[in-house]
Amino acid sequence: MSAPTASATLPRTAAASQAKTARPPRNWGNFGLVTPFLVFYILFLIGPLIYDVVLSFFNTSLVKGGLGSFAGFGNYTELFRDHQFWSAMWHTILFTLVSTPPLVILPLFFAIVVNRIKHGQWFFRLAFFLPYILPSAAIALVWLFIYEPGYGLIAGFFNLIGAGDPGWLSDPNVALYSIVLVTVWWTIGFNFVLYLAGLQEISPELYEASSLDGASRWQQTWRLTIPMLGRTTTLVTVLQVIASLKVFDQIYLILQGGPNYASRPAIEWIYDTAFTSQRVGYASAASFILFIVILIVSFVWLALVRRQESGV
Amino acid sequence: MAHKDVRSGLSRRGFLTGAAALGAGLVTAGCAGTYDVGSGITGSSGGDNQSTLVYWNLLTGGDGAHMVAMEDAYRKAHPNIDLQSTILAWGAPYYTKLSLAIRSGSPPDVAIMHLSRIHQYGPPGMLTPISLDLLAAHGMEPKDFTSLAFSKAHYNGQLLCIPLDTHPFVQYYNTKVCKKAGLLDSSGTLPPIKSPDAMLDALRKLKKTGATPVVCDTINDPATPWRLFYSLYSQAGGQVLADNGKDIVLDKTLATKVLTFIHQLASEGLMSSNVDAGGGTAVFQAGDAGLYWEGEWNVTVFQAAKMAFSMQPFPALFGKAAAQADSHTFILPKRTTADPEKTSIALTMIRTLLGQSLTWAEGGHIPAWLPIRDSAAYKKLKPQSNYQEVASYAAYDPPAWYSGSGSDMENYLGEPLASLMLGAASPQATYDQMIGSLHTLSKEPVPV
């Protein structure tokens, strides 16, 4: 999951900046300690990344051996003129823009409410977190049944109140939002747990002090809880943006990117191009561009966190 | 906040001991070969001193069950061969894995391939050519196969695959609903519908009974819209591609005629398309629909439901008889070093499975193996044998490196067609998008 990796990079960069100023004597034993991690990091992250960049300069095919003919920047120039790729990129961005606000605000709301519950809190924590542990394939089956027109779960409800079915899966203008709904229900638990942890770190003394000063419940939430959760909110937002930019499973499994490609995200385009069209080189160029976009977002997050840290 | 001291009933040491005991148990079970759990986890096949035959297919549902029954018949007849069958997800995921397995030099010994995929696997030499002598040595002759499928199994004059069946797009009809609409003849069958107007007429009569006139799914399934279009367009005598996919010859007049007809079905509310494959089956099974346009492979579902239905070739509305179809075929993926002994085992296995074609035909497919197709037992198999003539005029996907079952072409053309069937696009817009996609596909660098 992205959370542990993100927090793991922080201390490392902090240590690096420290090394620049203080220069402690080199202790080679430390390398031994990080080796297991480093090996996997190089093998499964750096290695494939370099391979991807190399492939992006060749007309590599899935079904022919070798790298194929050298393409230079051909794949990249073709990519910039490929409207299908950019429409897929737009779906990914639109999905991110639409899914991030509810996935930041709703868990915050629910976490604050659940944190107030004195008895049986475990039940609500479990209820919110449970969908998150389900695999995407199970989610897809459940929601296909819910959305299915005619005999689906909510189609029946819509028919009951006499409203037409909104074409959850068949209307090109609706399909992506159907997926947003699925995703909110599915992944809300993760952000919810992060907020809950953040809430429990706020010292009770602050609430005591503020109520002595006459602050109402509402004022406490608005002026105390939410500002104190600032760092958690930043973390949740950026993890969410990165997760949303990587959307693939639920769209592929529920809609295959349809109807008429109206919901196909960038990663599915990359998958289709590499594995159905068998143009691995071209798809590598696209995945490198997506990588750069996600990298930029991550750097923005780092900058935000730095500013917050220096502000405190 | 106060830290709560959480103690569960299970101590760490207790857990580890238990886990170790469980692990040891699994290993023992694996060695003893009593339970599949152990061998599944350790990855061992369990068999010693046996020749193994690795067989990949993409058959699930009813097809999968029939194939397993056929495999079991083979295992019974050849107990010294360890047949390892692997089922993978249909469509692009299957073909991706197959390509990569062949590329990496560790392919299965035998695999199922759609006949229409021969133009992707043939050119880069990923399949082992099968000589007619070798074929004959294993009890198979060209005259034993449906001629159309067998001739299409060649690339560059070489036989690259052995057809098992022809599986066309057909018309299912609910006999109860159709009778109510007055469409059946005295013998209780639906007489062939021979023109677009006759079809519209029949569907309107069905609509009057309050039923859904025809179901044809679109959601998450671009192949079905493609099959509908290509069936009708082939009837009109249209061609889509020429010169192995380098040329686009989609005829605007013919295509527009077909697209306008489909559009009319949607706009008049005669066709229900807002369903996925499972949904379409469910609507027909529930007895809510008069006709159902789909591949023949759902027949067992409706038989199991004991509903009143029958099947016939997809009606020839636009001229000559034609219906989109494909064939499951057996292939011998190319290996780095030839292994004549393995090839022989594989061909024997293929011959044995062909002999089981009656089981296969129960699933709806028209057997390519003529000794079975011409047998009395197959003729008695109803409604499966109603549409066996389609094997002689089946419209296979146009040859190209980007066409075939589950391919880019089916997806890129199926998606706009789905929009048309849902009433969300005009015939003109659909045609434009189709032709645009075809030009994009044909201009991509040839990856094979």
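Taken in order, these protein sequences are the chains called A and B.
Count along the first sequence starting at 1, add 12, and that's the number in the working numbering.
Count along the second sequence starting at 1, add 140, and that's the number in the working numbering.
Here a beta-carbon is modelled for each residue, glycine too, at the ideal position from N, C-alpha and C.
Since this is a predicted model, take the numbers as computed values, not measurements.
Item checked: Between the CA atoms of B:Ala535 and B:Gln375 - distance to the nearest angstrom -> In the second sequence, counting from the first residue as 1, residue 375 of chain B sits at position 235. In the second sequence, counting from the first residue as 1, residue 535 of chain B sits at position 395. Taking the straight line from one Cα to the other gives about 9 Å.
Note to self: Could you compute how far the alpha carbon of B:Leu330 sits from the alpha carbon of B:Leu324?
What the structure shows: Translated into positions along the second sequence, residue 330 of chain B becomes position 190. Translated into positions along the second sequence, residue 324 of chain B becomes position 184. Approximately 5 Å, taken between the alpha carbons.
Note to self: Which residues in chain C have a C-beta closer than 8 Å to the C-beta of B:Tyr542? List them in chain order.
What the structure shows: The structure shown has no chain C; the protein chains it does contain are A and B.
Check: Taking the alpha helix (DSSP H) that B:Thr483 falls in, what are its first and last residues?
Finding: In the second sequence, the residue the question calls residue 483 of chain B occupies position 343. First-last of the alpha helix (DSSP H) with B:Thr483: Pro480 to Gly495.
Notebook entry, point to check: In chain A, what lies closer than 7 Å to B:Glu584 by C-beta?
Noted result: As a first step, residue 584 of chain B must be located in the second sequence, where it is residue number 444. Ordered by position in chain A, the residues that pass the 7 Å Cβ test against B:Glu584 are Ser289 and Arg291.
Notebook entry, point to check: Does B:Val146 have its Cβ less than 8 Å from a Cβ in chain A?
Noted result: By 1-based counting over the second sequence, the position of residue 146 of chain B is 6. Low local confidence applies: a pLDDT of 41 at B:Val146 is under 50, so the model's placement there is unreliable, and no value is given.
Checklist line | Contact list for A:Leu383 against chain B, beta-carbon separation under 8 Å | finding: As shown, chain A starts at 13 and ends at 324. That puts residue 383 of chain A outside it, with no answer to give.
Notebook entry, point to check: Of all the CB atoms in chain B, is at least one closer than 8 Å to the CB of A:Gly59?
Noted result: Within the first sequence, residue 59 of chain A is the residue found at index 47, counting from 1. Chain B, which has no Cβ nearer than 8 Å to the Cβ of A:Gly59, makes this no.
Note to self: Looking at the secondary structure, which residues open and close the alpha helix (DSSP H) in which B:Tyr432 lies?
What the structure shows: Numbered from its first residue, the second sequence carries residue 432 of chain B at position 292. It is not in any alpha helix (DSSP H) - B:Tyr432 instead sits in the beta strand (DSSP E) that spans Ala429 to Gly435.
Item checked: Own chain, CB closer than 6 Å to A:Ile282, minus 5 neighbours either side, in chain order -> Locating residue 282 of chain A in the first sequence gives position 270, counting from the first residue. Contacts found: Ala295, Ala298 and Ser299.
Next item on the list: Taking all protein chains shown into account, decide if B:Asp479 is buried (16 or more other Cβ within 10 angstroms of its Cβ) or exposed.
Entry: One-based indexing of the second sequence puts residue 479 of chain B at position 339. Result: exposed.
Check: Between the stretch 286-301 of chain B and chain A, which residues of the former have CB atoms less than 9 Å from a CB of the latter, in chain order?
Finding: none
Next item on the list: Please report how far the alpha carbon of A:Val116 lies from the alpha carbon of A:Val110, in whole angstroms.
Entry: Here the question's residue 116 of chain A lines up with position 104 in the first sequence. Here the question's residue 110 of chain A lines up with position 98 in the first sequence. Cα-Cα distance, rounded: 11 Å.
Checklist line | Reduced DSSP category for B:Gln224 - H, G, I as helix; E, B as strand; rest coil | finding: In the second sequence, the residue the question calls residue 224 of chain B occupies position 84. B:Gln224: strand per DSSP, three-state reduction.
Checklist line | Endpoints, the alpha helix (DSSP H) within which B:Val194 is located | finding: Position 54 of the second sequence, counted from the start, is the residue given in the question as residue 194 of chain B. Counting along the chain, B:Val194 falls outside any alpha helix (DSSP H), though it belongs to the beta strand (DSSP E) covering Ser191 to Asn197.
Check: Considering B:Tyr533, what are the terminal residues of the alpha helix (DSSP H) in which it resides?
Finding: Here residue 533 of chain B corresponds to residue number 393 of the second sequence, with the count starting at 1. That run of the alpha helix (DSSP H) goes Val530 to Tyr533.
Note to self: Using beta carbons (cut-off 8 Å, strictly below), is B:Arg243 in contact with chain A?
What the structure shows: By one-based count along the second sequence, residue 243 of chain B stands at place 103. With 8 Å as the cut-off, B:Arg243 counts as an interface residue toward chain A.
Margin query: Please list, in chain order, the chain A residues whose beta carbon lies closer than 8 Å to that of B:Thr236.
Written below: Position 96 of the second sequence, counted from the first residue, corresponds to residue 236 of chain B. The answer, in chain order, is Leu74, Phe287 and Thr288.
Item checked: Rounded Cβ spacing between B:Leu494 and B:Leu304 (contact assumed at less than 8 Å) -> For the purposes of this step, residue 494 of chain B is taken as the residue at position 354 of the second sequence. For the purposes of this step, residue 304 of chain B is taken as the residue at position 164 of the second sequence. At roughly 7 Å, the Cβ-Cβ gap stays under 8 Å, so B:Leu494 and B:Leu304 are in contact.
Check: Below 8 Å between beta carbons: does that hold for A:Ser182 and B:Leu557?
Finding: Residue 182 of chain A sits at position 170 when you count from the first residue of the first sequence. Residue 557 of chain B sits at position 417 when you count from the first residue of the second sequence. The answer is no: Cβ separation not under 8 Å.
Item checked: Element boundaries [beta strand (DSSP E), containing B:Met253] -> For the purposes of this step, residue 253 of chain B is identified with residue 113 of the second sequence, where counting begins at 1. Its beta strand (DSSP E) spans residues Val250 to His254.
Check: When the Cα of B:Arg580 is compared with those of A:Tyr63, A:Asp94, A:Trp102 and A:Asp225, which residue comes out closest?
Finding: Along the second sequence, one-based indexing puts residue 580 of chain B at 440. Looking at the sequence shown, residue 580 of chain B is not Arg but Thr. If we check each option's Cα against that of B:Thr580, A:Asp94 comes out closest.
Next item on the list: Quick one: residues in its chain with C-beta nearer than 7 Å to the C-beta of B:Tyr533, no 5 flanking neighbours on either side, listed in chain order?
Entry: Walking along the second sequence from the start, residue 533 of chain B turns up at place 393. Taken in chain order, the residues that qualify are Ala461 and Ala462.
Notebook entry, point to check: For B:Asn296, does the three-state DSSP call read helix, strand or coil?
Noted result: By 1-based counting over the second sequence, the position of residue 296 of chain B is 156. DSSP places B:Asn296 in coil when its eight states are reduced to three.
Notebook entry, point to check: For A:Leu314, which three-state DSSP category applies?
Noted result: Along the first sequence, one-based indexing puts residue 314 of chain A at 302. Three-state DSSP puts A:Leu314 in a helix.
Check: In the DSSP assignment, what residue or residues form a beta bridge with B:His505?
Finding: As a working mapping, residue 505 of chain B is identified with position 365 in the second sequence. Paired residues: none, contrary to the question.
Check: Is A:Ser73 helix, strand or coil when you go by DSSP?
Finding: Taking the first residue of the first sequence as 1, we reach residue 73 of chain A at position 61. Strand at A:Ser73.
Checklist line | 9 Å Cβ cut-off: residues of chain A touching B:Ser271 | finding: Reading the second sequence from its first residue, position 131 is the one you call residue 271 of chain B. Going along chain A, no residue has its Cβ under 9 Å from B:Ser271, so there is no contact; the nearest lies around 24 Å.
Next item on the list: Return the chain-ordered list of same chain residues with a C-beta closer than 6 Å to the C-beta of B:Glu281, the five sequence neighbours on each side being excluded.
Entry: In the second sequence, residue 281 of chain B corresponds to position 141, counting from 1. None.
Notebook entry, point to check: Residues in its own chain within less than 8 Å of B:Tyr373 by CB, not counting five upstream and five downstream?
Noted result: Looking up residue 373 of chain B in the second sequence gives position 233. Cβ neighbours of B:Tyr373 beyond the five flanking positions: Val380, Leu394, Ala395, Val398 and Phe458.
Checklist line | Listed by chain order, chain A residues near B:Ser559 by CB distance under 8 Å | finding: By 1-based counting over the second sequence, the position of residue 559 of chain B is 419. Pro184, Pro271 and Asn272, listed in chain order.
Margin query: I need the straight-line Cα distance from B:Thr268 to A:Gly78, nearest angstrom please.
Written below: Start at 1 with the first residue of the second sequence, and residue 268 of chain B comes out as number 128. Start at 1 with the first residue of the first sequence, and residue 78 of chain A comes out as number 66. Each residue's Cα considered, the two are about 21 Å apart.
Check: Is the shortest distance between the beta-carbon of A:Gly77 and the beta-carbons of chain B less than 8 Å?
Finding: For the purposes of this step, residue 77 of chain A is taken as residue 65 along the first sequence, with counting starting at 1. At least one chain B Cβ lies under 8 Å of A:Gly77.
Note to self: Measuring only from the beta carbon, is A:Ser228 closer than 7 Å to any heavy atom that is part of the ligand SAH?
What the structure shows: Judged by which ligands are present, the structure shown has none, so any question about the ligand SAH falls away.
Check: Residues of chain A with CB under 8 Å from B:Asp548, in chain order?
Finding: For this step, residue 548 of chain B is matched to residue 408 along the second sequence. Near B:Asp548 (Cβ distances below 8 Å), the residues of chain A are Asp284, Thr288 and Ser289.
Check: So B:Ile471 is in the beta strand (DSSP E); what residue range does that whole segment cover?
Finding: Position 331 of the second sequence, counting from 1, holds the residue named residue 471 of chain B. Here the beta strand (DSSP E) through B:Ile471 covers His468 to Ile471.
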